[in-house]
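Presented below is the structure to which this report refers.
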Amino acid sequence: MATFSLLITANPYSNQGQYSALEFTKAVLEAGHIIKRIFFYADGVLVANRLNCPPADELNLTKSWAKLAIEKDIELTVCVTAALKRGIVNQAEAERNALTSESIDPAFELSGLGQLTEAMLASDRLVTFG
Amino acid sequence: MKSVCFIFNKPPYGQGSGKELLDICLMCSAFEMPITVIFQGDGVLQLIENQQPDILNIKNYSKTFKALKLYGVETVLIDAAGLEKHQLVTENILNIGEIANSKIIQNVIQKTDFSIML
């Protein structure tokens, strides 16, 4: 049994990285391993936008991550610096920056890069999806 | 403590990955992880002296590379083939590391717990 963490930088609907990461996470769990944390960075943070609205016949990556996180109790951590640049904000950041509303899906949590390093130290493997 | 190696293999400014990778590197240094930084292929362009990205309203993070030693980054390797490809010599680039061939770089990557490339 091994402990994995994921670093996801892939733009959700422009390339396949997010979907590959989602399937990889399922496979890791099915094989009996542990996922310590999934860290979204760079364009990867865009998947945390609760307003993402792909056509009904396409996979909704935001909802897919949220469902998996709730079912399997996985931490979905979003880099706050990368997120704020791209309009992904929670209630506190929206108020601090005088924005009209929050936009982050409640299954995701804003935090700092330290959470990535901390996850690495607690994992056997870090796998990047870009 | 687990060791980590950061591989810069893309040119600066056309995309954000250089700055993004550097930020992870600095965070790992705050956790006192043993760090190796490698500039490989087009990544050697990150090290060209006197960059002026501020003309394009882009933040100049080039100076932070010079501070890597202060952040506790002991080993910085610069790919000889990358320098040759871009016709760069040591006088053109920041004096922050050793020139290394691909075999040395490969050995370092193999011995490190994590390698990150963006």
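Residue numbers (our numbering), protein chains in the order written: chain G, 1 to 130; chain U, 1 to 118. Even glycine gets a Cβ: it sits at the ideal position worked out from N, Cα and C. These numbers come from a predicted model, not from an experiment.
- Boundaries of the beta strand (DSSP E) harbouring residue 7(U): 4 to 8, taken from the DSSP string.
- At a cut-off of 7 Å between beta carbons, residue 20(U) contacts chain G.
- DSSP lists 4(G) as the bridge partner or partners of residue 35(G).
- Close to residue 28(U), with beta-carbon spacing below 8 Å, are these residues of chain G in chain order: 117 and 120.
- The beta carbon of residue 45(U) sits closer than 7 Å to those of 11, 12 and 86, all from its chain and outside the five residues before and after it, given in chain order.
- Apart from the 5 residues on each side of it in sequence, residue 2(G) sits with its Cβ closer than 7 Å to the Cβ of 33, 124 and 125 in its chain, given in chain order.
- Annotation: the continuous beta strand (DSSP E) that includes residue 75(U) extends over 75 to 79.
- For residue 24(G), the uninterrupted alpha helix (DSSP H) run begins and ends at 17 to 30, by DSSP.
- Under the Cβ criterion of 7 Å, residue 87(G) is not counted among the residues facing chain U.
- Using a Cβ-Cβ distance cut-off of 8 Å, the region 113 to 123 of chain G and the region 39 to 47 of chain G are in contact, since at least three pairs of beta carbons, one from each stretch, lie closer than that value.
- Contact annotation, residue 21(G) with residue 108(G): C-beta distance approximately 14 Å; criterion of less than 8 Å not satisfied.
- Taking 7 Å as the CB threshold, residue 46(G) stays off the interface with chain U.
- For the region 6 to 29 of chain G, the residues whose beta carbon sits under 9 Å from a beta carbon of chain U are, in order, 7 and 9.
- Ranked by how close their Cα comes to the Cα of residue 104(G), the residues 54(G), 17(G) and 45(G) have 45(G) in first place.
- In the DSSP annotation of this structure, residue 88(U) is not part of any alpha helix (DSSP H), being labelled neither H nor E.
- A straight line joining the alpha-carbon of residue 21(U) with that of residue 50(U) spans about 21 Å.
- Under the DSSP definition of a beta bridge, residue 65(U) lacks any partner.
- For residue 77(G), the uninterrupted beta strand (DSSP E) segment begins and ends at 76 to 79.
- Around the beta-carbon of residue 97(U), 16 or more other beta-carbon atoms lie within 10 Å, marking it buried.
- Under DSSP, residue 111(G) takes part in a beta bridge, and its partners are 79(G).
- Per DSSP, the continuous beta strand (DSSP E) segment holding residue 126(G) begins and ends at 125 to 129.
- One thing to note: residue 17(G) has its Cβ no nearer than 7 Å to the Cβ of residue 27(G).
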